[in-house]
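Remarks on the structure that follows.
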Amino acid sequence: MKKLINSPDDVIADALKGVEASDDNVRVDHANRVIYRATPKEAGKVAIISGGGSGHEPMHGGFVGIGMLDAACAGQVFTSPTPDQMLEATTTVDTGAGVLHIVKNYTGDIMNFEMAAEMAADAGIPVETVVVADDVAVQDSLYTAGRRGVGTTVLLEKIVGAAAEEGQDLGAVKVLAQKVADNGRSMGMALTSCTVPSAGKPTFDLPEDQMEIGIGIHGEPGRHREPIGDAKSIAKQLVDPILQDLDFTGSPVIAMLNGMGGTPLIELYLMYGEVVALLKEAGVEISRNLVGNYITSLDMAGCSLTLVKADEEMIRLWDAPVKTAGLRWGL
Amino acid sequence: MKKLINSPDDVIADALKGVEASDDNVRVDHANRVIYRATPKEAGKVAIISGGGSGHEPMHGGFVGIGMLDAACAGQVFTSPTPDQMLEATTTVDTGAGVLHIVKNYTGDIMNFEMAAEMAADAGIPVETVVVADDVAVQDSLYTAGRRGVGTTVLLEKIVGAAAEEGQDLGAVKVLAQKVADNGRSMGMALTSCTVPSAGKPTFDLPEDQMEIGIGIHGEPGRHREPIGDAKSIAKQLVDPILQDLDFTGSPVIAMLNGMGGTPLIELYLMYGEVVALLKEAGVEISRNLVGNYITSLDMAGCSLTLVKADEEMIRLWDAPVKTAGLRWGL
Amino acid sequence: MSEQLLTLDLLADWLRRYAAIVDEHKTYLTELDSAIGDADHGANMARGTAAVLTHVDDATTIDALLKKAGMTLVSTVGGTSGPLYGTLLMKMGMATGSVVELSAEDFGKALRAGLEGLVARGKTELGDKTMVDALAPALDAYDAALADGSDLHDAVAAAAQAAAAGRDATTPMVAKKGRASYLGERSAGHQDPGATSSTYLFDALADVIGA
Amino acid sequence: MSEQLLTLDLLADWLRRYAAIVDEHKTYLTELDSAIGDADHGANMARGTAAVLTHVDDATTIDALLKKAGMTLVSTVGGTSGPLYGTLLMKMGMATGSVVELSAEDFGKALRAGLEGLVARGKTELGDKTMVDALAPALDAYDAALADGSDLHDAVAAAAQAAAAGRDATTPMVAKKGRASYLGERSAGHQDPGATSSTYLFDALADVIGA
Ligand SMILES: Nc1ncnc2c1ncn2[C@@H]1O[C@H](COP(=O)(O)OP(=O)(O)O)[C@@H](O)[C@H]1O
Ligand SMILES: Nc1ncnc2c1ncn2[C@@H]1O[C@H](COP(=O)(O)OP(=O)(O)O)[C@@H](O)[C@H]1O
Ligand SMILES: [Mg+2]
Ligand SMILES: [Mg+2]
Ligand SMILES: [Mg+2]
Ligand SMILES: [Mg+2]
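Chains as they are written, first to last, in UniProt numbering: chain A, 1 to 331; chain B, 1 to 331; chain C, 1 to 211; chain D, 1 to 211.
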């Protein structure tokens, strides 16, 4: 295993030290492993927290700051954080206007956030939850834990963060969050597996000439594997299942071509070019985009495409100022 | 070789399509492979161009935009662009106030930029050149092509870009550029080799338990290899040679902990934590920092540290607004 | 009715032994989770059970022991197994009352309460390829053995055997819950990690009572 | 004085043959560059010489042929070898004048002018482990052969042999120029890629004149 770490057990604690040292937008509670905004939000505004297993950086800690999250809970690598962490974060960030929990649809995340929300409700804090379940690679939702929450999470945190920042109340923020979640779709692929530090070797073996289509963000194997194709055909395998699942024509669309952690930017640009060409053919008009590493899977090589069907209001909120380590504009 | 490409021959052309589609800050001249600002600078301001082999994204194309570069010439992977490209870019961006060429110290880059500068001078365009040669891994400059130009280039492009944006003249911009170049030092290491698309296999073999210390950004083997150490000891191997080469105490310092393209952000944060601890011990005070992928080497796993000894003026220019795909704040 | 009692000390030993077995098999558990999950089940369980160890000496009643162990799992494991194993032990503790020894029957009732809590939290059914596929048959076997007049020793042995059989039966199953479900048909042919770590609960109990 | 002449057609064939040899060996050149450089020399030279091919038919004089070839290399290769090989051919073209055939002696003078341009551009000395270590001995051997009364055929054969020997001699050298110099002592033991591609210039010439 080739990693820049001290020991598998210390990865999260050590990385949080670096986050604290580098990111002016945040302060770090090391005991609880929560990343908070350096300057808390003004009283009366809805607060937003998220969290999940580590290994997906910059998500979520890199999205804490003005215009986006108020706090992010860092779990162990690929392991949902615990209810204690979320309760601590919820209690700390609440300004009286309530707290939105942004949860990705995994059994562990759902259960831990659920327990935290129950405890927060007990403590008298109004909590709403939005669950992101946007991964079209998971087909038969009836026979599975449901679609995984992946790329839409990033775009949702930005849009909903802007709404909270401008003072929308908890009900409105929750409705908006659900709307973004309902209108987001993602699809991913991998050229290589990632290696979980405590496991010490790749989660799955992928021969030199094979790729895995329909992967998530935890090194779960995908839906199937096949020989590595060219960028054009890979782009098609990302675009087609998304467009089959939701009609993206006739509305502005926000697109994200995301790297899984080990993919060089030159390849992401190249893939984005192919994706845009296919979307244009299909009559889909991209209004805003991100190309880069936003929701990663440790050192996995590969990429994912996320489309969110937006409206003018969502685009306005997208364009609103944001100041975090992972996304920044207007400030 | 596992890459998201169509064919090794088309990598640059295809990636430039993605750059054009994704980055509002730029327009792309595909024939000449030059990335220009979408909106040219106002007349009377010094223009700045850079360029080099591709495979280092976001450098340089991702640094074209307000407050940074006016144009970037994209060479083949790891191959300096040609004088034709640089001449075309120089002619196009000149507003009458002259053009600064930012060149990294490699034999090829030096010669190609030199030929372009000769031709531009012939055409009556005042050109100044700054050569970045900051890689302390190259020790005996007398017996080599001199130190390689690496991470300082990124910080220089930002600082000098701000100076040009606020209207400083060519002489002043050149003096400032030289000052940044003189005060920057870098040191890099790799856990894996990169794979050049046209070569189809890793440039060097590195056993599973070995790392390469003192690498550049072209997959050139480093100064020596040794068993992979923990993050603390690797940080020391980056910090020590830099501090031995220049005294960084008593001045504000801008630090960049840079990923080589295949390194997950969680590891870069972790390394930054270790680096900061060592610098603190050594009495070096970091005023500004970047942690992420800024000057990469395709899919190489590893990192580099760059320190620039700054002054109040350099920090002021660092903080000035910048709007590019790779660096953005204040706009 | 069985004469043997499960004492506070014995149950503390049970948790200690469970932690030891998990630690011993953590690489194996992670390997199972690599095939159809995300390669963390061994690390998750080892971290949680190690944290439980730091508290087992403190408890003076069985309910305190089990509730504290459950809460510790919830707050140190995270992921899927944290809330599920945590709920199992917390609900067990809530069912026992503040006692220092339990009859075999009452222990069985506590286990049943724990399992019901776990199933409610996880919304699982038998055959979904989860830890429930080891736990449920184990509890059934335990209850049946006691009803047939077996002593604790034999009931635990029967439970351990049924857990192992249930665990083995997960191999051909197509997962319908948890991370393995994303694989669809590709999840068949792999043993479920959670069913494996659940089986260790009964192995540990058998070890400490000498079954 | 040698009787044979190097015609425009023959020199066009020379460039064609050079392109073919480079293309055939591009993987090898890149492998050599992987060991002590950045793994692009084969791709660089293949791209450049392929571009040269598209123009060789157009030229009606030798100086036009060589200058155009040189400019094409400069504007399509980039890197270190683009300006250097480009300068070599451009300076050769400038030295020949607007002719359609050259004596062996005049060709030698043109080569010498080309080499001087290359050395001036690259600021290299003999022994730096660069293409100059193949080119310089080859030119010396060529001139010496002609001075000794050899014909073109034998002079080119001597040049090719000297180039190969010069190329081989780069292996033990510690590089002082170019990317290989960063390796310090570790550059020793590897043959220089540029010296290798330079040797092909003389192999190609020998091929087309039947030497
Ligand atoms: N809904 C569920 N109910 C009960 N057990 C479940 C459920 N989902 C998953 N599991 C169990 O959890 C195990 C995985 O645990 P673990 O790897 O620690 O969590 P995660 O999947 O969050 O990484 C599976 O092997 C399975 O036995
Ligand atoms: N200063 C120099 N003068 C002459 N030849 C040089 C010089 N520096 C490098 N070379 C030659 O260039 C070759 C490398 O060319 P190439 O790989 O195409 O360029 P780059 O090093 O820019 O990738 C080396 O093998 C060497 O022969
Ligand atoms: Mg997990
Ligand atoms: Mg090169
Ligand atoms: Mg798991
Ligand atoms: Mg090279």
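Don't be surprised by glycine CBs; every beta carbon is placed ideally from N, CA and C.
Short of 6 angstroms from the beta carbon of C/T87, and not among the five residues preceding or following it, lie these beta carbons of its own chain, in chain order: G117, L118 and R121. Those residues of the segment 157 to 191 of chain D placed with their C-beta closer than 9 angstroms to a C-beta in chain B are V174, A175, K176, K177, G178, R179, A180, S181, Y182, L183, G184 and R186, ordered along the chain.
Look at D/D33: its beta carbon is less than 6 angstroms from one of the heavy atoms in ligand 6. The CB of C/G79 comes closer than 7 angstroms to the CB of T79, S80 and G108 in chain A, given here in chain order. Of all residues in the segment 298 to 316 of chain A, only L298, D299, A301 and C303 come within less than 7 angstroms of chain B when Cβ atoms are compared, listed by chain position.
Selection A/L257, A/C73 and A/G161 evaluated against A/R328 yields A/G161 as nearest (Cα-Cα). Residues of the segment 139 to 165 of chain B whose Cβ lies closer than 8 angstroms to any Cβ of chain D, in chain order: Q139, D140, Y143, T144, A145 and R148. Listed along chain C are T30, S34 and A39, each with a C-beta nearer than 7 angstroms to that of A/A199. One finds T82 in chain B with Cβ atoms closer than 8 angstroms to the Cβ of D/T76, taken in chain order. Against chain B, a Cβ distance below 7 angstroms from A/D240 picks out nothing, because the smallest value is about 17 angstroms. Annotation: A/V291 to A/G151 spans about 12 angstroms, alpha carbon to alpha carbon. Here the alpha carbons of A/S186 and C/E24 stand approximately 39 angstroms from one another. Just so you know, the alpha carbons of A/P81 and A/A89 end up roughly 11 angstroms apart. DSSP places B/K179 within a helical segment (H, G or I) once states are collapsed to three. With respect to the 7 angstroms criterion, A/G75 and C/G78 are classified as neighbours on the basis of their beta carbons. With fewer than 16 other Cβ atoms from the protein chains shown falling within 10 Å of its own Cβ, A/S233 counts as exposed. At the C-beta level, A/A231 and A/M271 come within 7 angstroms of one another.
For B/L87 and B/M119, the gap between their C-alpha atoms comes out near 7 angstroms. Every residue whose beta carbon comes nearer than 5 angstroms to a heavy atom of ligand 3 appears here in chain order: A/F78, A/T79, C/D38, C/D40 and C/G79. Around the beta carbon of B/P241, 16 or more other beta carbons sit within 10 angstroms, so the residue counts as buried.
Within the chosen limit of 6 angstroms, ligand 1 reaches the beta carbon of C/N44 through at least one heavy atom. Put simply, the backbone Cα of C/L73 is about 9 angstroms away from that of C/A50. Per DSSP, the unbroken beta strand (DSSP E) holding A/A190 starts and ends at G184 to A190. Under the DSSP assignment, B/D29 falls in the beta strand (DSSP E) whose first and last residues are V26 to D29.
No Cβ of chain C is located within less than 7 angstroms of the beta carbon of A/E88.
Assignment of B/M314 by DSSP, reduced to helix, strand and coil, places it in the helix class. Here DSSP, grouped into helix, strand and coil, assigns A/T203 to coil.
Against chain A, a Cβ distance below 7 angstroms from B/N105 picks out nothing, because the smallest value is about 23 angstroms. Per DSSP, reduced to three states, the secondary structure at C/S103 is strand.
Taken from the Cβ of C/M131, at least one heavy atom of ligand 1 lies inside 6 angstroms.
Between B/C73 and B/V34, the C-beta spacing is below 7 angstroms. Under the 7 angstroms criterion on CB atoms, B/H218 is classed as interfacial with respect to chain D. At a cut-off of 7 angstroms, the C-beta of A/G75 has a neighbouring C-beta in chain C.
Against chain B, the beta carbon of D/G82 has neighbours under 9 angstroms at T79, S80, T82, P83, G108, M111 and N112, listed in chain order. Under the 7 angstroms criterion on CB atoms, B/E212 is classed as non-interfacial with respect to chain A.
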